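Report on one structure; see the data block that follows.
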Amino acid sequence: MSIGKFKKDELRSIADELKLVVPDNAKVLDLRELIQESEIYKNDKETYQAIVDCVLEEINDKRNENENRLEIEKIKLSHVKTCCAKNCFCGKPHNRLIHFPKPDKESIALNQTVQRSVLNTLADVFGGPGGSNCVVPPQGENEENKSFVATSFLKNKTRTVLLSSVQCFLRDKYGLLHENYLDEGIIEKVTNPFIPTNNPVFYLPHQVIIKNESLTTKLRLVFDASAHEEKQLSLNDCLFHGVNLNPNILDVLISFRSNKIAVLADVEKAFLHISLAPKDRDVVRFLIDDSENGVKVYRFNRVLFGVNKSPFLLAATIKTHIGKYMEKYPDTVRTLDHCFYVDDLVTGDDNAKSAFDLSSKEAKIMSEAGMNLRKWISND
(Lines of atoms letter the chains of each structure in order from A and count residues from 1; the text may use other names and numbers.)
(Lines give C-alpha, C1' and ligand atoms only; values in the text may rest on other atoms or scores of the structure.)
Protein backbone atom coordinates (compact mmCIF):
# COMPACT_ATOMS: atom_id res chain seq x y z
CA MET A 1 0.00 0.00 0.00
CA SER A 2 1.28 3.45 -0.95
CA ILE A 3 2.30 5.66 1.95
CA GLY A 4 -0.08 8.31 0.64
CA LYS A 5 -3.12 6.14 1.51
CA PHE A 6 -2.33 5.71 5.20
CA LYS A 7 -4.39 7.55 7.82
CA LYS A 8 -2.85 9.74 10.50
CA ASP A 9 -3.09 7.14 13.27
CA GLU A 10 -1.55 4.51 10.99
CA LEU A 11 1.31 6.81 10.01
CA ARG A 12 2.00 7.66 13.65
CA SER A 13 2.11 3.95 14.60
CA ILE A 14 4.50 3.20 11.72
CA ALA A 15 6.75 6.08 12.77
CA ASP A 16 6.77 4.79 16.36
CA GLU A 17 7.80 1.31 15.15
CA LEU A 18 10.59 2.89 13.10
CA LYS A 19 11.85 4.52 16.33
CA LEU A 20 11.35 8.02 14.93
CA VAL A 21 10.86 11.09 17.09
CA VAL A 22 7.35 12.35 16.28
CA PRO A 23 6.33 15.89 17.34
CA ASP A 24 3.03 16.07 19.24
CA ASN A 25 1.54 18.50 16.72
CA ALA A 26 2.72 16.58 13.62
CA LYS A 27 0.27 16.55 10.71
CA VAL A 28 -0.25 13.90 8.02
CA LEU A 29 2.23 15.50 5.60
CA ASP A 30 4.81 15.84 8.37
CA LEU A 31 4.46 12.15 9.24
CA ARG A 32 4.84 11.08 5.62
CA GLU A 33 7.98 13.16 5.16
CA LEU A 34 9.40 11.89 8.45
CA ILE A 35 8.90 8.24 7.40
CA GLN A 36 10.23 8.80 3.87
CA GLU A 37 13.40 10.39 5.26
CA SER A 38 14.09 7.43 7.55
CA GLU A 39 17.01 5.05 6.85
CA ILE A 40 14.82 1.92 6.84
CA TYR A 41 12.38 3.38 4.30
CA LYS A 42 15.23 4.41 1.97
CA ASN A 43 17.55 1.41 2.30
CA ASP A 44 15.54 -1.60 3.55
CA LYS A 45 12.16 -1.87 1.79
CA GLU A 46 11.62 -5.45 3.00
CA THR A 47 11.92 -4.51 6.68
CA TYR A 48 9.78 -1.42 6.12
CA GLN A 49 7.02 -3.50 4.51
CA ALA A 50 7.10 -6.03 7.37
CA ILE A 51 6.68 -3.20 9.88
CA VAL A 52 3.77 -1.74 7.88
CA ASP A 53 2.03 -5.14 7.69
CA CYS A 54 2.44 -5.71 11.42
CA VAL A 55 1.12 -2.23 12.32
CA LEU A 56 -1.89 -2.51 10.00
CA GLU A 57 -2.77 -5.95 11.35
CA GLU A 58 -2.65 -4.70 14.94
CA ILE A 59 -4.79 -1.66 14.10
CA ASN A 60 -7.37 -3.82 12.30
CA ASP A 61 -7.54 -6.21 15.28
CA LYS A 62 -8.28 -3.30 17.63
CA ARG A 63 -10.93 -1.94 15.29
CA ASN A 64 -12.62 -5.34 15.06
CA GLU A 65 -12.51 -5.71 18.85
CA ASN A 66 -14.12 -2.29 19.32
CA GLU A 67 -16.78 -3.12 16.74
CA ASN A 68 -17.56 -6.38 18.56
CA ARG A 69 -17.88 -4.55 21.89
CA LEU A 70 -20.14 -1.98 20.30
CA GLU A 71 -22.33 -4.73 18.88
CA ILE A 72 -22.60 -6.38 22.30
CA GLU A 73 -23.64 -3.05 23.88
CA LYS A 74 -26.25 -2.60 21.16
CA ILE A 75 -27.67 -6.04 21.95
CA LYS A 76 -27.79 -5.22 25.68
CA LEU A 77 -29.45 -1.88 25.00
CA SER A 78 -32.00 -3.53 22.76
CA HIS A 79 -32.82 -6.04 25.52
CA VAL A 80 -33.21 -3.27 28.12
CA LYS A 81 -35.41 -1.30 25.72
CA THR A 82 -37.63 -4.35 25.19
CA CYS A 83 -37.97 -4.96 28.94
CA CYS A 84 -38.77 -1.32 29.62
CA ALA A 85 -41.39 -1.34 26.89
CA LYS A 86 -43.06 -4.34 28.54
CA ASN A 87 -42.95 -2.87 32.03
CA CYS A 88 -43.96 0.65 31.00
CA PHE A 89 -46.74 -0.20 28.58
CA CYS A 90 -49.39 2.48 28.40
CA GLY A 91 -52.82 1.54 27.07
CA LYS A 92 -53.53 4.96 25.62
CA PRO A 93 -51.44 7.79 24.16
CA HIS A 94 -50.59 10.66 26.46
CA ASN A 95 -48.82 13.99 26.36
CA ARG A 96 -45.25 14.42 27.46
CA LEU A 97 -46.49 16.10 30.62
CA ILE A 98 -48.19 13.72 33.04
CA HIS A 99 -51.47 15.13 34.29
CA PHE A 100 -52.52 13.74 37.64
CA PRO A 101 -56.26 13.70 38.28
CA LYS A 102 -57.48 16.53 40.46
CA PRO A 103 -59.18 15.55 43.73
CA ASP A 104 -62.92 15.81 43.53
CA LYS A 105 -64.97 18.07 45.82
CA GLU A 106 -66.15 15.16 47.96
CA SER A 107 -62.61 13.98 48.78
CA ILE A 108 -61.53 17.56 49.58
CA ALA A 109 -64.51 18.04 51.88
CA LEU A 110 -63.82 14.69 53.58
CA ASN A 111 -60.16 15.59 54.11
CA GLN A 112 -61.12 18.93 55.66
CA THR A 113 -63.67 17.22 57.92
CA VAL A 114 -61.07 14.72 59.14
CA GLN A 115 -58.59 17.55 59.70
CA ARG A 116 -61.05 19.59 61.79
CA SER A 117 -62.08 16.51 63.77
CA VAL A 118 -58.52 15.56 64.68
CA LEU A 119 -57.53 19.14 65.54
CA ASN A 120 -60.58 19.47 67.80
CA THR A 121 -59.58 16.25 69.56
CA LEU A 122 -56.03 17.51 70.02
CA ALA A 123 -57.30 20.81 71.40
CA ASP A 124 -59.16 18.89 74.12
CA VAL A 125 -56.11 16.92 75.31
CA PHE A 126 -53.48 19.62 74.70
CA GLY A 127 -51.27 20.72 77.58
CA GLY A 128 -49.50 17.84 79.29
CA PRO A 129 -47.31 17.86 82.38
CA GLY A 130 -43.82 19.34 82.46
CA GLY A 131 -44.47 21.97 79.82
CA SER A 132 -44.76 19.35 77.09
CA ASN A 133 -47.72 18.95 74.81
CA CYS A 134 -49.64 15.71 75.33
CA VAL A 135 -51.24 14.16 72.26
CA VAL A 136 -53.15 10.99 71.46
CA PRO A 137 -51.79 9.27 68.34
CA PRO A 138 -54.54 8.72 65.75
CA GLN A 139 -55.34 5.05 65.24
CA GLY A 140 -56.10 3.18 62.05
CA GLU A 141 -59.50 3.58 60.45
CA ASN A 142 -60.61 -0.05 60.48
CA GLU A 143 -60.81 -2.50 63.35
CA GLU A 144 -57.90 -4.64 62.12
CA ASN A 145 -55.46 -1.75 62.11
CA LYS A 146 -56.40 -0.74 65.64
CA SER A 147 -54.58 -3.76 67.07
CA PHE A 148 -50.80 -3.58 66.85
CA VAL A 149 -48.72 -6.62 65.99
CA ALA A 150 -46.33 -6.87 68.93
CA THR A 151 -42.87 -8.32 68.66
CA SER A 152 -42.82 -11.65 70.47
CA PHE A 153 -40.40 -10.59 73.18
CA LEU A 154 -41.48 -13.20 75.71
CA LYS A 155 -41.57 -16.18 73.35
CA ASN A 156 -38.45 -15.45 71.35
CA LYS A 157 -36.25 -13.12 73.34
CA THR A 158 -33.02 -13.85 71.44
CA ARG A 159 -34.57 -13.16 68.06
CA THR A 160 -36.01 -9.89 69.29
CA VAL A 161 -32.63 -8.80 70.60
CA LEU A 162 -31.05 -9.53 67.21
CA LEU A 163 -33.77 -7.54 65.49
CA SER A 164 -33.90 -4.58 67.81
CA SER A 165 -30.44 -4.12 69.28
CA VAL A 166 -27.50 -2.69 67.33
CA GLN A 167 -23.97 -2.68 68.69
CA CYS A 168 -22.38 0.78 68.53
CA PHE A 169 -18.63 1.16 68.29
CA LEU A 170 -18.92 4.41 70.25
CA ARG A 171 -20.35 2.61 73.25
CA ASP A 172 -19.54 5.37 75.75
CA LYS A 173 -21.25 8.08 73.73
CA TYR A 174 -24.12 5.74 72.91
CA GLY A 175 -24.70 5.08 76.59
CA LEU A 176 -24.44 8.77 77.40
CA LEU A 177 -27.03 9.54 74.73
CA HIS A 178 -29.72 7.28 76.15
CA GLU A 179 -28.82 8.42 79.69
CA ASN A 180 -29.47 12.00 78.61
CA TYR A 181 -32.82 10.88 77.23
CA LEU A 182 -33.59 9.37 80.64
CA ASP A 183 -32.60 12.52 82.52
CA GLU A 184 -34.73 14.70 80.24
CA GLY A 185 -37.76 12.43 80.58
CA ILE A 186 -37.78 11.59 76.87
CA ILE A 187 -37.60 7.86 77.62
CA GLU A 188 -38.24 5.72 80.68
CA LYS A 189 -37.15 2.26 81.73
CA VAL A 190 -39.71 -0.55 81.56
CA THR A 191 -39.07 -2.25 84.88
CA ASN A 192 -41.22 -5.34 84.27
CA PRO A 193 -41.37 -5.97 80.51
CA PHE A 194 -42.54 -9.57 80.98
CA ILE A 195 -45.74 -8.61 82.79
CA PRO A 196 -48.72 -8.75 80.37
CA THR A 197 -50.37 -5.41 79.58
CA ASN A 198 -53.71 -4.45 78.12
CA ASN A 199 -51.97 -1.92 75.90
CA PRO A 200 -50.52 -2.82 72.49
CA VAL A 201 -46.76 -3.52 72.54
CA PHE A 202 -44.14 -3.11 69.83
CA TYR A 203 -40.34 -3.17 69.97
CA LEU A 204 -38.62 -0.79 67.55
CA PRO A 205 -35.24 -1.59 65.97
CA HIS A 206 -32.77 1.27 66.02
CA GLN A 207 -29.24 2.28 65.15
CA VAL A 208 -26.89 5.16 65.76
CA ILE A 209 -26.28 7.75 63.05
CA ILE A 210 -23.07 9.78 63.32
CA LYS A 211 -22.82 13.16 61.58
CA ASN A 212 -19.57 14.81 62.59
CA GLU A 213 -20.25 17.76 60.28
CA SER A 214 -23.50 18.62 62.09
CA LEU A 215 -23.38 21.86 64.08
CA THR A 216 -25.92 20.63 66.64
CA THR A 217 -26.59 16.90 67.01
CA LYS A 218 -23.58 14.83 65.95
CA LEU A 219 -24.88 11.53 67.35
CA ARG A 220 -28.51 10.44 67.31
CA LEU A 221 -30.63 7.34 67.71
CA VAL A 222 -32.72 6.56 64.63
CA PHE A 223 -35.71 4.21 64.90
CA ASP A 224 -37.30 2.19 62.11
CA ALA A 225 -41.06 1.97 62.56
CA SER A 226 -41.39 0.35 59.11
CA ALA A 227 -39.44 -2.76 60.15
CA HIS A 228 -41.42 -5.97 60.56
CA GLU A 229 -40.98 -9.69 60.78
CA GLU A 230 -41.97 -11.96 57.91
CA LYS A 231 -45.71 -11.82 57.16
CA GLN A 232 -46.26 -9.38 60.04
CA LEU A 233 -47.27 -5.73 60.11
CA SER A 234 -44.93 -2.94 61.06
CA LEU A 235 -45.85 -0.22 63.53
CA ASN A 236 -46.37 2.22 60.66
CA ASP A 237 -48.79 -0.25 59.06
CA CYS A 238 -50.97 -0.07 62.17
CA LEU A 239 -51.14 3.71 62.54
CA PHE A 240 -53.31 6.27 60.82
CA HIS A 241 -50.65 8.64 59.50
CA GLY A 242 -52.99 11.63 59.63
CA VAL A 243 -53.78 14.30 57.08
CA ASN A 244 -51.14 16.61 55.65
CA LEU A 245 -51.26 19.80 57.72
CA ASN A 246 -48.11 21.31 56.23
CA PRO A 247 -48.55 24.21 53.80
CA ASN A 248 -47.83 23.72 50.11
CA ILE A 249 -44.05 23.80 49.73
CA LEU A 250 -44.30 25.94 46.58
CA ASP A 251 -46.40 28.53 48.43
CA VAL A 252 -43.83 28.58 51.24
CA LEU A 253 -40.97 29.20 48.82
CA ILE A 254 -42.80 31.88 46.84
CA SER A 255 -43.76 33.70 50.04
CA PHE A 256 -40.18 33.40 51.29
CA ARG A 257 -38.70 34.83 48.07
CA SER A 258 -41.08 37.80 48.18
CA ASN A 259 -39.38 39.13 51.34
CA LYS A 260 -36.42 41.50 51.13
CA ILE A 261 -35.11 40.24 54.47
CA ALA A 262 -35.00 36.44 54.76
CA VAL A 263 -35.12 34.70 58.14
CA LEU A 264 -34.70 30.96 58.75
CA ALA A 265 -34.82 28.88 61.92
CA ASP A 266 -35.80 25.45 63.13
CA VAL A 267 -37.26 23.93 66.28
CA GLU A 268 -34.73 22.21 68.52
CA LYS A 269 -35.67 18.53 68.94
CA ALA A 270 -39.16 19.35 67.74
CA PHE A 271 -40.74 15.90 68.01
CA LEU A 272 -39.28 15.23 71.45
CA HIS A 273 -41.23 18.17 72.92
CA ILE A 274 -44.54 16.36 72.40
CA SER A 275 -45.58 13.88 75.09
CA LEU A 276 -47.30 10.63 74.20
CA ALA A 277 -50.41 9.54 76.05
CA PRO A 278 -49.34 6.91 78.65
CA LYS A 279 -51.50 4.17 77.09
CA ASP A 280 -49.64 4.52 73.76
CA ARG A 281 -46.08 4.41 75.06
CA ASP A 282 -45.69 0.63 74.94
CA VAL A 283 -45.79 0.63 71.13
CA VAL A 284 -42.50 2.55 71.10
CA ARG A 285 -40.45 0.25 73.28
CA PHE A 286 -36.86 -0.47 72.35
CA LEU A 287 -33.89 -2.41 73.67
CA ILE A 288 -30.46 -1.25 74.78
CA ASP A 289 -27.75 -3.89 74.94
CA ASP A 290 -25.74 -3.12 78.07
CA SER A 291 -22.76 -5.47 78.04
CA GLU A 292 -22.43 -5.28 81.84
CA ASN A 293 -26.08 -5.60 82.87
CA GLY A 294 -27.59 -7.35 79.86
CA VAL A 295 -30.47 -6.18 77.69
CA LYS A 296 -32.61 -3.37 79.12
CA VAL A 297 -36.08 -2.38 77.92
CA TYR A 298 -37.05 1.26 77.51
CA ARG A 299 -39.99 3.11 75.99
CA PHE A 300 -40.53 6.61 74.68
CA ASN A 301 -42.57 9.18 76.56
CA ARG A 302 -42.39 11.54 73.61
CA VAL A 303 -43.18 11.46 69.90
CA LEU A 304 -40.17 10.22 67.96
CA PHE A 305 -38.98 10.80 64.43
CA GLY A 306 -39.32 7.73 62.20
CA VAL A 307 -42.99 6.97 62.90
CA ASN A 308 -45.28 7.89 60.02
CA LYS A 309 -47.72 9.89 62.15
CA SER A 310 -45.03 12.05 63.80
CA PRO A 311 -45.00 14.88 61.21
CA PHE A 312 -48.79 15.12 61.49
CA LEU A 313 -48.67 15.22 65.29
CA LEU A 314 -46.01 17.93 65.22
CA ALA A 315 -47.93 20.07 62.73
CA ALA A 316 -51.19 19.58 64.66
CA THR A 317 -49.50 20.50 67.95
CA ILE A 318 -47.96 23.66 66.50
CA LYS A 319 -51.25 24.72 64.89
CA THR A 320 -53.16 24.10 68.11
CA HIS A 321 -50.60 26.01 70.16
CA ILE A 322 -50.23 29.08 67.95
CA GLY A 323 -54.01 29.30 67.58
CA LYS A 324 -54.20 30.42 71.21
CA TYR A 325 -52.34 33.63 70.29
CA MET A 326 -54.53 34.70 67.38
CA GLU A 327 -56.12 37.61 69.27
CA LYS A 328 -52.84 38.90 70.72
CA TYR A 329 -50.52 38.41 67.71
CA PRO A 330 -52.77 37.86 64.67
CA ASP A 331 -50.16 38.70 62.01
CA THR A 332 -47.46 36.61 63.67
CA VAL A 333 -49.79 33.63 64.06
CA ARG A 334 -50.79 33.80 60.39
CA THR A 335 -47.11 33.91 59.44
CA LEU A 336 -46.30 30.90 61.62
CA ASP A 337 -49.28 29.00 60.23
CA HIS A 338 -48.18 29.49 56.62
CA CYS A 339 -44.37 29.49 57.01
CA PHE A 340 -43.76 26.40 59.16
CA TYR A 341 -42.81 23.30 57.16
CA VAL A 342 -42.43 20.37 59.58
CA ASP A 343 -39.87 21.84 62.05
CA ASP A 344 -38.39 24.50 59.75
CA LEU A 345 -39.49 28.12 59.91
CA VAL A 346 -39.10 29.90 56.56
CA THR A 347 -40.08 33.54 56.92
CA GLY A 348 -38.96 37.17 56.55
CA ASP A 349 -40.16 40.73 56.03
CA ASP A 350 -39.57 43.89 53.99
CA ASN A 351 -37.01 45.49 56.33
CA ALA A 352 -34.62 44.45 59.08
CA LYS A 353 -36.55 46.01 61.98
CA SER A 354 -39.89 44.41 61.13
CA ALA A 355 -38.15 41.08 60.43
CA PHE A 356 -36.48 41.24 63.85
CA ASP A 357 -39.76 42.12 65.59
CA LEU A 358 -41.55 39.29 63.80
CA SER A 359 -38.82 36.80 64.71
CA SER A 360 -38.92 37.88 68.36
CA LYS A 361 -42.67 37.32 68.55
CA GLU A 362 -42.34 33.96 66.79
CA ALA A 363 -39.66 32.85 69.26
CA LYS A 364 -41.78 34.00 72.21
CA ILE A 365 -44.89 32.13 71.02
CA MET A 366 -42.99 28.91 70.38
CA SER A 367 -41.13 29.13 73.70
CA GLU A 368 -44.51 29.09 75.48
CA ALA A 369 -44.87 25.52 74.17
CA GLY A 370 -41.36 24.64 75.37
CA MET A 371 -40.08 24.73 71.79
CA ASN A 372 -36.83 26.59 71.21
CA LEU A 373 -36.30 28.18 67.80
CA ARG A 374 -32.59 27.93 66.98
CA LYS A 375 -30.06 28.14 64.13
CA TRP A 376 -31.33 31.57 63.15
CA ILE A 377 -29.93 32.79 59.85
CA SER A 378 -30.67 35.84 57.71
CA ASN A 379 -29.34 37.68 54.67
CA ASP A 380 -29.17 40.93 56.66
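Each step along the sequence shown adds one to the number in full-length UniProt numbering, with nothing skipped, and position 80 is 80. Heads up, the beta-carbon is just placed ideally off N, CA and C, and yes, glycines get one too. All of these numbers come straight from a predicted model, not from anything done at the bench.
Round the Cβ separation of Leu302 and Ile186 to the nearest angstrom and send it over; I've been treating them as touching at under 8 Å. For the purposes of this step, residue 302 is identified with residue 302 of the sequence shown, where counting begins at 1. For the purposes of this step, residue 186 is identified with residue 186 of the sequence shown, where counting begins at 1. One point to set straight first is that residue 302 is Arg, not Leu, in the sequence displayed. Confirmed, about 5 Å.
Does DSSP put Gly294 in a helix, a strand or coil? One-based indexing of the sequence shown puts residue 294 at position 294. Three-state result, Gly294: strand.
Start and end of the beta strand (DSSP E) containing Gln207? Within the sequence shown, the letter at position 207 stands for residue 207. Gln207 -> beta strand (DSSP E) spans His206 to Ile210.
Check whether chain D comes within 8 Å of Glu213, counting only Cβ atoms and requiring the distance to be less than that. Although the question refers to chain D, the structure presented lacks it and comprises just one protein chain.
On the three-state DSSP scale, how would you describe Ala262? Mapped onto the sequence shown, residue 262 falls at position 262. Ala262 carries a strand assignment under DSSP once its states are collapsed to helix, strand and coil.
Sorted by chain position, which residues of the same chain lie with C-beta nearer than 8 Å to Asp16's C-beta, five sequence neighbours on each side aside? In the sequence shown, the residue the question calls residue 16 occupies position 16. Once the five neighbours on either side are set aside, the close Cβ partners of Asp16 are Val22.
Look at Phe271 and Phe223 and say whether their C-beta atoms are less than 8 Å apart. On the sequence shown, position 271 is the one that residue 271 refers to. On the sequence shown, position 223 is the one that residue 223 refers to. Annotated as distal: Phe271 and Phe223, with beta-carbon spacing of 8 Å or more.
Selected residue, minimal CA-CA separation from Gly211, among Glu184, Leu221 and Glu368: Along the sequence shown, one-based indexing puts residue 211 at 211. One point to set straight first is that residue 211 is Lys, not Gly, in the sequence displayed. Selected option, being the one with the closest Cα: Leu221.
Could you tell me how far apart the beta carbons of Asn236 and Val307 are, in whole angstroms, since I believe they sit closer than 8 Å? Counting from one through the sequence shown, the residue named residue 236 turns up at place 236. Counting from one through the sequence shown, the residue named residue 307 turns up at place 307. Yes, Asn236 and Val307 are in contact; Cβ-Cβ is about 7 Å, under 8 Å.
Would DSSP call Ile249 helix, strand or coil? Taking the sequence shown and counting its residues from 1, one reaches residue 249 at position 249. Ile249: helix per DSSP, three-state reduction.
From Lys353 to His178, what does the alpha carbon distance come to, in whole angstroms? As a position in the sequence shown, residue 353 is number 353, starting the count at 1. As a position in the sequence shown, residue 178 is number 178, starting the count at 1. Those two C-alpha atoms are separated by around 42 Å.
Residue from Ile3, Asp44, Cys54 and Thr197 with nearest C-alpha to Leu29: Position 29 of the sequence shown, counting from 1, holds the residue named residue 29. The residue with the shortest Cα to Cα distance from Leu29 is Ile3.
Does the stretch 59-79 come within contact of the stretch 25-45, defined as at least 3 CB pairs closer than 8 Å? In short, these stretches do not touch, since the Cβ pair count stays below three.
If you reduce the DSSP assignment to three classes, tell me which class Leu11 lands in. Working through the sequence shown from its first residue, we reach residue 11 at position 11. Under the three-state reduction of DSSP output, Leu11 falls in the helix class.
Kindly indicate which residue of Thr217, Ala277, Thr191 and Lys309 has the alpha-carbon position closest to the one of Tyr298. As a working mapping, residue 298 is identified with position 298 in the sequence shown. The shortest Cα separation from Tyr298 among Thr217, Ala277, Thr191 and Lys309 belongs to Thr191.
Rounded straight-line distance, which links the Cα of Lys5 to that of Lys62: Start at 1 with the first residue of the sequence shown, and residue 62 comes out as number 62. Start at 1 with the first residue of the sequence shown, and residue 5 comes out as number 5. Answer to the nearest angstrom: the Cα atoms are 19 Å apart.
Spatial neighbours of Lys92 within its chain, please: CB distance less than 6 Å, with the 5 preceding and 5 following residues excluded, ordered by chain position. Along the sequence shown, read from residue 1 onward, the residue named residue 92 stands at position 92. Because Lys92 carries a pLDDT of 47, less than 50, the predicted location of this residue cannot be relied on, and the following value inherits that uncertainty. Here the set comprises nothing.
Could you name the residues of the same chain whose beta carbon sits closer than 6 Å to that of Asn372, not counting the 5 residues immediately before and after it, in chain order? Counting from 1 along the sequence shown, the entry for residue 372 is found at position 372. Around Asn372: Glu268.
Give the range of the alpha helix (DSSP H) segment to which Ile35 is assigned. As a first step, residue 35 is located in the sequence shown; it is residue number 35 there, counting from the start. Residues Val28 to Gln36.
Between Cys339 and the rest of its own chain, which residues show a CB-CB distance below 7 Å, the 5 nearest in sequence each way excluded? Sequence index remark: in the sequence shown, residue 339 carries index 339 (1-based). Closer than 7 Å at Cβ, skipping near neighbours: Val252, Ser255, Leu345, Val346 and Thr347.
Less than 8 Å between the beta carbons of Asn244 and Tyr341, yes or no? Here residue 244 is taken as the residue at index 244 of the sequence shown, counted from 1. Here residue 341 is taken as the residue at index 341 of the sequence shown, counted from 1. No. Outside cutoff.
Which class does Glu188 belong to by DSSP, given the choice of helix, strand or coil? Along the sequence shown, read from residue 1 onward, the residue named residue 188 stands at position 188. Secondary structure of Glu188 (DSSP, three-state): strand.
Rounded to the nearest angstrom, how far is the Cβ of Val263 from that of Ala355, given a contact under 8 Å? In the sequence shown, counting from the first residue as 1, residue 263 sits at position 263. In the sequence shown, counting from the first residue as 1, residue 355 sits at position 355. About 5 Å separates the beta carbon of Val263 from that of Ala355, a gap short enough to meet the 8 Å contact definition.
Who are the Cβ neighbours of Asn351 in its own chain at under 8 Å, not counting the five residues just before and after it? On the sequence shown, residue 351 is found 351 positions in, with the first residue counted as 1. Take Asn351, set aside five residues on each side of it, and the residues of its chain with a beta-carbon closer than 8 Å to its own are Lys260 and Ile261, in chain order.
Nearest to Glu184 (by Cα), restricted to the options Phe300, Leu56 and Ile209: Here the question's residue 184 lines up with position 184 in the sequence shown. If you compare the alpha carbons of Phe300, Leu56 and Ile209 with that of Glu184, the shortest gap goes to Phe300.
Please name the residue in Tyr203, Ser258 and Asn248 whose C-alpha comes closest to that of Ser226. Here residue 226 corresponds to residue number 226 of the sequence shown, with the count starting at 1. With respect to the C-alpha of Ser226, the residue from Tyr203, Ser258 and Asn248 having the closest C-alpha is Tyr203.
Comparing C-alpha positions only, which one of Ile51, Ile322 and Ala315 sits nearest to His241? The residue given as residue 241 occupies position 241 in the sequence shown. Nearest C-alpha to His241: Ala315.
With a Cβ-Cβ cutoff of 8 Å, do Leu18 and Ile59 count as a contact? Within the sequence shown, numbered from 1, the residue matching residue 18 stands at position 18. Within the sequence shown, numbered from 1, the residue matching residue 59 stands at position 59. Cβ atoms of Leu18 and Ile59: not closer than 8 Å.
For Leu239, count neighbouring Cβ atoms within 10 angstroms of its own Cβ and tell me buried if that reaches 16, exposed if not. On the sequence shown, position 239 is the one that residue 239 refers to. By the 10 Å Cβ count, Leu239 comes out buried.
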